[in-house]
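Residue numbers (my numbering): 203 to 598.
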C-alpha cells in the first residue's frame, strides 16, 4: 500500500500554497530574456484533468480514445477526498481527478470551468533547481518541492502557476519505477490503443491583449523562445480572427502555442472558449501518430466526432501541397488536413469539443520528413470549420 501519510501531507501542502498564491502576473519586463538560462525540461509528463465524474471520464478516454487505465486512487486506497484514474497510451499520460466532496477545490474548479486541464506536467532531472529558478524569476508557487516514496521508489514534484487556474508541474521520476506517482493502485484495463505516440503540443487561450504578456512570461520564467507566430491577417474569416504565438524550448520537446481573440465583426472561437470556461485555459492537446489514417479510422469507429472539412478543400489539395504518400480520397473521407512545409508535410485533424461546454478538444497530428510547423496553410480551413460549429451552437 502507498504511504498515505506522506500523500496526505503532500496534499495539505499543495492546498495551503494554492490558498496563498494570488493570480499569476507576468514578470517585470526589465529582465532580459535573452540572458536567462533555459529551465532544463526534458519533455511533457502527465496532464491532469479536473472532471465532474472521473469514473465516467475514464470510460470515455479508455473506450473512445484508446488509453490504457494503469492506476487508481480513491476510497479503496485510503484517499478520503479525491478519486483519480491514471491512463497512458505510449508516451501520452493523463490523470482524471474528481472530488468526493462538493466543498473541495477540485469540485469548485469543475463548477466554474467544467471538465478541463488543471496541470501540464514537465519531466525534469532536478525539480528543486527548476522550481527555485522559476520562482526566483517571478513565477508564483502552487506546490513547493515534495518527495513521495512507496515500494516503486521516490517521486519528486513541484508546481507553479501559469495562465488562468492552470499550473505547470515539474516532475522527477528517474528514481521511480511506476507509471504515474505514489498513491495509486495498479490497474490493468484496456480496450486497445488507437496509435497515439507523444504529446506534440498543448495550446492555451488567453484574454484579448494578454497574449504578449504570457509570451513574456514563458520567455522570462522558462527561457523559452517564440518558435512561430500568427497574426489576425493569417487566421481570420469575414466574422472573426485570432492571434497566436508558439512558445518552445530549444530542444523542441516542449511547444506551447498561446492564442488570443482578435477584433472582428462577431465573437471568435477563442472568445467562445473564454466565455464558457470562464477563464484562460488549455484549448487543445495535440498528440502524434505514425499512421493518421489508421488512427482516425479507428477513432471514428469508436464514435469520436471530428470537425468537418468541405470537399472543395480536397479538390485542389494536390495543387497546393504536391505529391504525398497518402491517398487523397482516403483523407477526404476522414476529413484529414494536409500542409506542406519546406522540410516535409504534416497531416492533422481536430476533434469536436470532448466536453458539453465548447472548450477542450484534441488534435491528431502526423509529421512527415521533418515537418515541424503547425499547419499554417490549413488555418483558414480550420478556422472556418470551427466557426461553422460555433454558429450551430448559436455562439457566433
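In this text, a Cβ means the ideal position worked out from N, Cα and C, and glycines have one as well. All values derive from a computational prediction rather than experimental measurement.
Next item on the list: Let me know the beta strand (DSSP E) ranges lying completely inside the stretch 496-553, each 3 residues or longer, listed in chain order.
Entry: 539-543 and 546-552
Next item on the list: Go ahead and pull the three-state DSSP assignment for residue 429.
Entry: Working through the chain shown from its first residue, we reach residue 429 at position 227. Residue 429 falls in the strand class under three-state DSSP.
Checklist line | For residue 153, the nearest candidate out of 351, 445, 315 and 357 (CA to CA) | finding: Here the chain comprises residues numbered 203 to 598, so residue 153 is not present and cannot be evaluated.
Notebook entry, point to check: Within 10 angstroms of its Cβ, does residue 291 collect 16 or more other Cβ (buried), or is it exposed?
Noted result: Locating residue 291 in the chain shown gives position 89, where the first residue counts as 1. Buried, by the Cβ-count rule.
Check: Cα separation between residue 419 and residue 239?
Finding: In the chain shown, the residue the question calls residue 419 occupies position 217. In the chain shown, the residue the question calls residue 239 occupies position 37. Taking the straight line joining both Cα atoms gives about 14 Å.
Notebook entry, point to check: Three-state secondary structure (DSSP) at residue 269?
Noted result: As a working note, residue 269 is residue 67 in the chain shown. If DSSP states are grouped into helix, strand and coil, residue 269 belongs with coil.
Notebook entry, point to check: Using DSSP with H/G/I as helix, E/B as strand and the rest coil, what is residue 494?
Noted result: Start at 1 with the first residue of the chain shown, and residue 494 comes out as number 292. In the structure shown, residue 494 sits in a helix (DSSP, three-state: H, G or I).
Notebook entry, point to check: So, using beta-carbon positions, are residue 474 and residue 597 closer together than 7 Å?
Noted result: Translated into the one-based positions of the chain shown, residue 474 becomes position 272. Translated into the one-based positions of the chain shown, residue 597 becomes position 395. Yes.
Notebook entry, point to check: Expressed to the nearest angstrom, what Euclidean distance is found between the alpha-carbon atoms of residue 348 and residue 376?
Noted result: Residue 348 sits at position 146 when you count from the first residue of the chain shown. Residue 376 sits at position 174 when you count from the first residue of the chain shown. The alpha-carbon atoms of residue 348 and residue 376 are separated by roughly 15 Å.
Note to self: Quick check: the Cα distance between residue 585 and residue 595, rounded to an integer number of angstroms?
What the structure shows: Start at 1 with the first residue of the chain shown, and residue 585 comes out as number 383. Start at 1 with the first residue of the chain shown, and residue 595 comes out as number 393. Near 15 Å, if we compare the C-alpha coordinates of residue 595 and residue 585.
Item checked: beta strand (DSSP E) runs wholly inside the stretch 300-383, at least 3 long, in chain order -> 318-326, 343-352, 355-363 and 369-374
Check: From residue 268 to residue 556, what does the alpha carbon distance come to, in whole angstroms?
Finding: Counting from one through the chain shown, the residue named residue 268 turns up at place 66. Counting from one through the chain shown, the residue named residue 556 turns up at place 354. Whole-angstrom Cα-Cα distance: 14 Å.
Next item on the list: Please confirm if the stretch 446-457 is in contact with the stretch 524-540, defined as three or more CB-CB distances below 8 Å between the two stretches.
Entry: no
Check: Per DSSP, residue 286 forms a beta bridge with which residues?
Finding: Along the chain shown, read from residue 1 onward, the residue named residue 286 stands at position 84. According to DSSP, which records beta bridges pairwise, residue 286 is partnered with 275 and 299.
Margin query: For residue 568, list the residues DSSP reports as bridge partners.
Written below: Indexing the chain shown from 1 puts residue 568 at position 366. DSSP output for residue 568 lists 549 as bridge partner(s).
Next item on the list: Tell me whether residue 423 sits in a helix, a strand or coil according to DSSP, three-state version.
Entry: What you label residue 423 is simply residue 221 of the chain shown in a count that begins at 1. Residue state, collapsed to three classes: helix.
Notebook entry, point to check: What's the call for residue 623, buried or exposed, on a 16-neighbour Cβ count within 10 Å?
Noted result: Look at the range of the chain in this structure, 203 to 598, and you will see that residue 623 is not part of it.
Margin query: Please report the straight-line C-alpha distance between residue 410 and residue 471, rounded to a whole angstrom.
Written below: Indexing the chain shown from 1 puts residue 410 at position 208. Indexing the chain shown from 1 puts residue 471 at position 269. One C-alpha to the other measures close to 12 Å.
Check: In whole angstroms, what separates the C-alpha of residue 274 from that of residue 383?
Finding: As a first step, residue 274 is located in the chain shown; it is residue number 72 there, counting from the start. As a first step, residue 383 is located in the chain shown; it is residue number 181 there, counting from the start. One C-alpha to the other measures close to 11 Å.
Item checked: Nearest neighbour of residue 319, chosen from 456, 355, 485 and 429 [CA to CA] -> The residue labelled residue 319 in the question sits at position 117 within the chain shown. Answer by Cα proximity: 485.
Margin query: Would the stretch 395-412 count as touching the stretch 511-518 if we require 3 or more Cβ pairs under 8 Å?
Written below: no
Notebook entry, point to check: Does the beta-carbon of residue 463 have 16 or more other beta-carbons within 10 angstroms, so that it is buried, or is it exposed?
Noted result: The residue you call residue 463 lines up with position 261 of the chain shown. Counting Cβ neighbours within 10 Å, residue 463 comes out buried, since at least 16 surround it.
Notebook entry, point to check: Since residue 446 sits in a beta bridge, which residues does DSSP pair it with?
Noted result: By 1-based counting over the chain shown, the position of residue 446 is 244. 432 and 461, per the DSSP bridge assignment.
Checklist line | residue 410 in three-state terms, based on DSSP | finding: Within the chain shown, residue 410 is the residue found at index 208, counting from 1. Residue 410: coil per DSSP, three-state reduction.
Next item on the list: My understanding is that residue 260 touches residue 302, with C-beta atoms under 8 Å, so please give their C-beta distance in whole angstroms.
Entry: In the chain shown, counting from the first residue as 1, residue 260 sits at position 58. In the chain shown, counting from the first residue as 1, residue 302 sits at position 100. The pair is not a contact, with the Cβ atoms about 15 Å apart (cut-off 8 Å).
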